[in-house]
Each structure stands twice: as C-alpha cells, then as structure tokens.
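Below: one structure, written as structure tokens.
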Amino acid sequence: MENEKLQQIAKKLRFEAVRMVYEGKDGHPGPALSIADIVATLYFDVMNIDPKNPEWEDRDRFILSKGHSCPIYYAALNERGYFEPKVEHFNLRQLGSMFQGHPSMHATPGVDMTSGSLGNGIAIGAGMAFAAKALKKDYYTYVICGDGELQEGVCWEGINTARGRNLDNLIVFVDRNGWQSYKSVEFTVGQNNVADRFRAFGWHVQEIDGHNIAAIKDAVAAAKAEKNLPSCIVCDCVKGKGLSFMEHNNAWHKGVPTDEQFAIAEKELGGK
Ligand SMILES: [Mg+2]
Numbered sequence: 000m001e002n003e004k005l006q007q008i009a010k011k012l013r014f015e016a017v018r019m020v021y022e023g024k025d026g027h028p029g030p031a032l033s034i035a036d037i038v039a040t041l042y043f044d045v046m047n048i049d050p051k052n053p054e055w056e057d058r059d060r061f062i063l064s065k066g067h068s069c070p071i072y073y074a075a076l077n078e079r080g081y082f083e084p085k086v087e088h089f090n091l092r093q094l095g096s097m098f099q100g101h102p103s104m105h106a107t108p109g110v111d112m113t114s115g116s117l118g119n120g121i122a123i124g125a126g127m128a129f130a131a132k133a134l135k136k137d138y139y140t141y142v143i144c145g146d147g148e149l150q151e152g153v154c155w156e157g158i159n160t161a162r163g164r165n166l167d168n169l170i171v172f173v174d175r176n177g178w179q180s181y182k183s184v185e186f187t188v189g190q191n192n193v194a195d196r197f198r199a200f201g202w203h204v205q206e207i208d209g210h211n212i213a214a215i216k217d218a219v220a221a222a223k224a225e226k227n228l229p230s231c232i233v234c235d236c237v238k239g240k241g242l243s244f245m246e247h248n249n250a251w252h253k254g255v256p257t258d259e260q261f262a263i264a265e266k267e268l269g270g271k
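With the first letter of the sequence shown counted as 1, position 239 gets the number 238 in numbering that gives the first Met the number 0; the numbers rise by one all the way through.
Structure (structure tokens):
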C-alpha cells in the first residue's frame, strides 16, 4: 500500500484509539499513539493475514507485548475487517466487553496472544517463531514491546533463546519513546541503551524513525533479508504522537480526554 495511504490510516487509527478511551472513560492513549504508524504498516501492508480467517495456520503472528497500548490494536483490527459488523462503540475496559484493558486472545478475534503482564511478548514470540521452524512453515512473528518494558528480566531470556535458535523469522519492534508509566526510562534505570543490548545478544539491529512509514517498510525488508539472525527494529517514537496536547507528555500514559480535549482530537486527527 502507498505510504501516503498508510499515513492516513494511521491517523484514523489514532483518532479511533482516542475516541475509544474518551467513550470508555479509561485507558492508555499516549502509548497507543506512539505505535500507530508501526501497527498501521504491519496490518495494512506487511503482514500476511486473512481477517475473515483469524485462526489460519499459516498467518503471520503478532504480539502486542506492551499490551496497555491496545486501543490502537483494536482500532487496527476493526479497520482491517476482523469484526463483523464493524464496531462503532468499543466499550473499552467494560465488564464483558470484547475489548478489555489489555488484549485477550479469548475475548477478541485476531488477537494471537494475551498480553499486558509486561515482558512476556518476546519469549512467546520466540516460541511461535520456533514452532514455524519445527513445522516448516514460512510465517513471520512480529512483536512490539516498549523501552520501559525491556527492564523485565524475562525479555532477555527470550532474546537469548531467539539468537541461539537462529530465529530469523522473529521481528521485534521496540517503541523507544523514552518514557514508561512512572517517569522516563533514563530516570528509572540510568540509561536507555536498547540497541546496544540487542546487539550484545547477537541480534540484527536497525534504528529508525518509528513514525516514518517508508523507513518501517524498509526495515522489515532488511530484517527479512537477514538470514539466521532474529531482528530488532528500534523505533524512535514520540509518546502521544499526532495529538498536540499529548505529544511528549507522559501524563497521558493513562488518562481520559475532557470534552474540550476530545474536540481538539477531532480537529487534529480528522474525526471519523
Ligand atoms: Mg516507553
């Protein structure tokens, strides 16, 4: 798909994510907007999927390891046609809703793995990638994790195994937005050296602008061209990207726009 079209889709997904949080009166808009361009590119250009057959054995897999960003994930699945009929009101985080505050593979068609307990996505993705090798299938497994999330030790068990088993069919995006729930990543652990750590574990590592669709596409192509090594694409992203009052403002890690703020979102993100 053309980059300009993907940009438009990402903008629409951003609005839908904000609307979902506004209507549900709870949720994490900042971390969702951060990864909108990556999610749009994966779901509308990169991934080999069939929305009408979400359990298709040969589909590419996707894990949103930073599960709290799920509003953008739900918006993408909806726009891509996973839900019939298309969802108008998501009832985000409501009891019994298909759209829980963290993704559940038992609640939402198209969700390949439950997530939200941070740190698990890469190890589970490595398992999916290993299964593809064992079953001689050519699907890819994509994971998006956060830069704060990489403080979870279990990430590095999966990262080590993926390199040891030469899982070149595993592609991990890191949303390096510099923030985590409480404060900045640097404040929390003193440094945000994501790329260096993946390199030290022997991965194929690229560093790109996570809001540049062409760069995202090129990085995926380079990751696929790399044989033997798993790939990490470190994406420089802006938390809250696309909405003036949310950009670079970690207060929007979790929060609900007021009526006035939602009106600004409608204006800046083009409404429906
Ligand atoms: Mg972060």
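All residues carry an ideal CB built from backbone N, CA and C; glycine is no exception. Quantities reported herein were computed from a predicted structural model and do not represent experimental measurements.
| query | result |
| --- | --- |
| C-alpha distance - D44 paired with D59, whole-angstrom precision | 12 Å |
| Segments assigned beta strand (DSSP E), at least 3 residues, entirely inside the segment 141-177 | 169-175 |
| Local Cβ density within 10 Å of D49, reported as buried at 16 or more and exposed below that | exposed |
| CB contact flag (N52, I212, <7 Å) | no |
| Counterpart residues of F61 in DSSP-defined beta bridges | Y141 |
| Whole-number beta carbon distance between Y138 and D57, since they are thought to touch under 8 Å | 6 Å |
| Distance between beta carbons of V233 and Q190, contact taken as under 8 Å | So it is not a contact: roughly 14 Å between Cβ atoms. |
| Whole-angstrom distance between A39 and P102, CA atom to CA atom | 17 Å |
| Closer than 6 Å: residues whose CB approaches a heavy atom of ligand 1 | G145, D146, G147, D174, N176, W178 and Q179 |
| Residue closest to S64, alpha-carbon to alpha-carbon, out of R92, N192 and C154 | C154 |
| Contact set for L91: own chain, Cβ-Cβ below 6 Å, skip 5 residues either direction | M19, G23, G26 and F98 |
| C-beta atoms of I121 and G157 nearer than 7 Å | yes |
| Classification of P84 by the beta-carbon crowding that lies within 10 angstroms, buried from 16 upward | exposed |
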